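Colleague: Read left to right, the sequence shown gives residues 1 to 197 (full-length UniProt numbering). Backbone N, C-alpha and C define an ideal beta-carbon position, used for all residues, glycine too. Everything numeric in this text was worked out from a predicted model, so none of it was measured.
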Amino acid sequence: MSPRKSVAESRLTRQRILDTGLVIASAEGLEGLTIGRLAAELGMSKAGVIGHFGTKESLQLAVVDTAVELFVREVPERARGVARGLPYLRAACEAWISYLEREPLPGGCFFTAAAAEFDGREGPVRDAIARADETWRRELRVTIWRAVSLAELPPDTDIDQLLYEIVAIMLALNHFLQLHRDREAPKRARRALERLF
Numbered sequence: 001m002s003p004r005k006s007v008a009e010s011r012l013t014r015q016r017i018l019d020t021g022l023v024i025a026s027a028e029g030l031e032g033l034t035i036g037r038l039a040a041e042l043g044m045s046k047a048g049v050i051g052h053f054g055t056k057e058s059l060q061l062a063v064v065d066t067a068v069e070l071f072v073r074e075v076p077e078r079a080r081g082v083a084r085g086l087p088y089l090r091a092a093c094e095a096w097i098s099y100l101e102r103e104p105l106p107g108g109c110f111f112t113a114a115a116a117e118f119d120g121r122e123g124p125v126r127d128a129i130a131r132a133d134e135t136w137r138r139e140l141r142v143t144i145w146r147a148v149s150l151a152e153l154p155p156d157t158d159i160d161q162l163l164y165e166i167v168a169i170m171l172a173l174n175h176f177l178q179l180h181r182d183r184e185a186p187k188r189a190r191r192a193l194e195r196l197f
C-alpha cells in the first residue's frame, strides 16, 4: 500500500468514526460516546479508534467540531448569498427550522442536547460547546444590528432581547419535535418568528 493511500484511508476512517460518533452523541450524549461503543459499532478494535484520537476527551472535542461543520453546512451556508440584514435573518432562521424539521441527527439538535449535558460542568468540552454557541449568536446579533441600521427593524429594537427570543423559539421547536414528536411545531415556530419580525 502506498503512503498516500494509507493517509487517505486513515482520513476516511477518522471521518467514519466522527460521523458515527456524532449520531451516537446526538441521541445518547457525549458521555455515552465511548471508545468501546464506537469500536463495536464500526467493527474496529478499541486500539484502532484510540489511535485516531488518543483520549475520550479528544474524541468528544472532535465530535463537537464535526457537529459545528454540519450545522454550518445546514444553516448559515444555506442563507449565504441572501442580502444581509432582515432578509438574511429570515433565511437563516428558515434554514435553522428546516434543519431541525429534517432531523439529520436522531437526537435532534446536537448543541441543545450537549449544552444541557455540559452546561454545569467545567473543562474543554464545555468550553467548545459554549464557543460554538457564542459564534452563532454573534452572527445573529450582527445580523439583527444590521437590520436595525438599515431600518428593516424598528430603531428601538432591543437586539439582545430579539436574539434571546429567536433562540428560545428554536429551543422550543427542538423540544416539541424530539420529546413530543409534534409535527406541527415547525409551523408554530415559523408563526412565532413572523410575529417577531
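Could you tell me if THR112 is buried or exposed, where buried requires 16 or more neighbouring beta carbons within 10 angstroms of its beta carbon?
Modeller: So THR112 ends up on the buried side.
Colleague: Can you tell which of ILE97, LEU153, PHE197 and ARG126 has the C-alpha that lies nearest to the C-alpha of ASN174?
Modeller: When each option's Cα is compared against that of ASN174, the closest is ILE97.
Colleague: Between ALA189 and ILE169, is the Cβ-Cβ spacing less than 9 Å?
Modeller: Yes, the Cβ-Cβ distance between ALA189 and ILE169 is below 9 Å.
Colleague: Given this structure, state the Cα-to-Cα distance separating ALA151 from PHE197, to the nearest angstrom.
Modeller: Cα-Cα distance, rounded: 12 Å.
Colleague: Nearest to ASP19 by alpha carbon, out of GLY81, GLU69, PRO186 and LEU100?
Modeller: ASP19 has its Cα closest to that of GLU69, out of GLY81, GLU69, PRO186 and LEU100.
Colleague: What does the Cβ neighbour count give for SER26, buried or exposed, with the cut at 16 atoms within 10 Å?
Modeller: The residue in question, SER26, is buried, as its Cβ has 16 or more Cβ neighbours within 10 Å.
Colleague: When you compare each of GLU57, TYR164 and GLY36 to GLU134 by their alpha carbons, which one comes out closest?
Modeller: Comparing Cα positions, the closest option is TYR164.
Colleague: Among ALA95, ALA115, PRO106 and ARG121, whose alpha-carbon lies nearest the alpha-carbon of PRO186?
Modeller: Nearest of ALA95, ALA115, PRO106 and ARG121 to PRO186, Cα basis: ALA95.
Colleague: Would you kindly check if the distance between the Cβ of TRP136 and the Cβ of PHE71 is under 9 Å?
Modeller: Yes, these two residues count as a Cβ contact at 9 Å.
Colleague: So ILE17 and LEU38 are supposed to be a Cβ contact under 8 Å. How far apart are they, rounded?
Modeller: Going by Cβ atoms, the distance from ILE17 to LEU38 rounds to 6 Å, so yes, they are a contact pair.
Colleague: State buried or exposed for VAL7, treating a residue as buried only when at least 16 other CB atoms are found within 10 Å of its CB.
Modeller: When all chains shown are included, VAL7 counts as exposed.
Colleague: What does the Cβ neighbour count give for PRO76, buried or exposed, with the cut at 16 atoms within 10 Å?
Modeller: With 16 or more Cβ atoms within 10 Å of its Cβ, PRO76 is classed as buried.
Colleague: Evaluate ALA55 with the Cβ neighbour count: other Cβ atoms within 10 Å of its Cβ, from every protein chain shown; 16 or more gives buried, anything less gives exposed.
Modeller: Just to set this straight, residue 55 is Thr in the shown sequence, not Ala. Looking at its Cβ environment, which holds fewer than 16 other Cβ atoms inside 10 Å, THR55 is exposed.
Colleague: Let's test the definition: count the other Cβ atoms within 10 Å of the Cβ of VAL125 and tell me whether it reaches 16, buried, or not, exposed.
Modeller: That one is buried.
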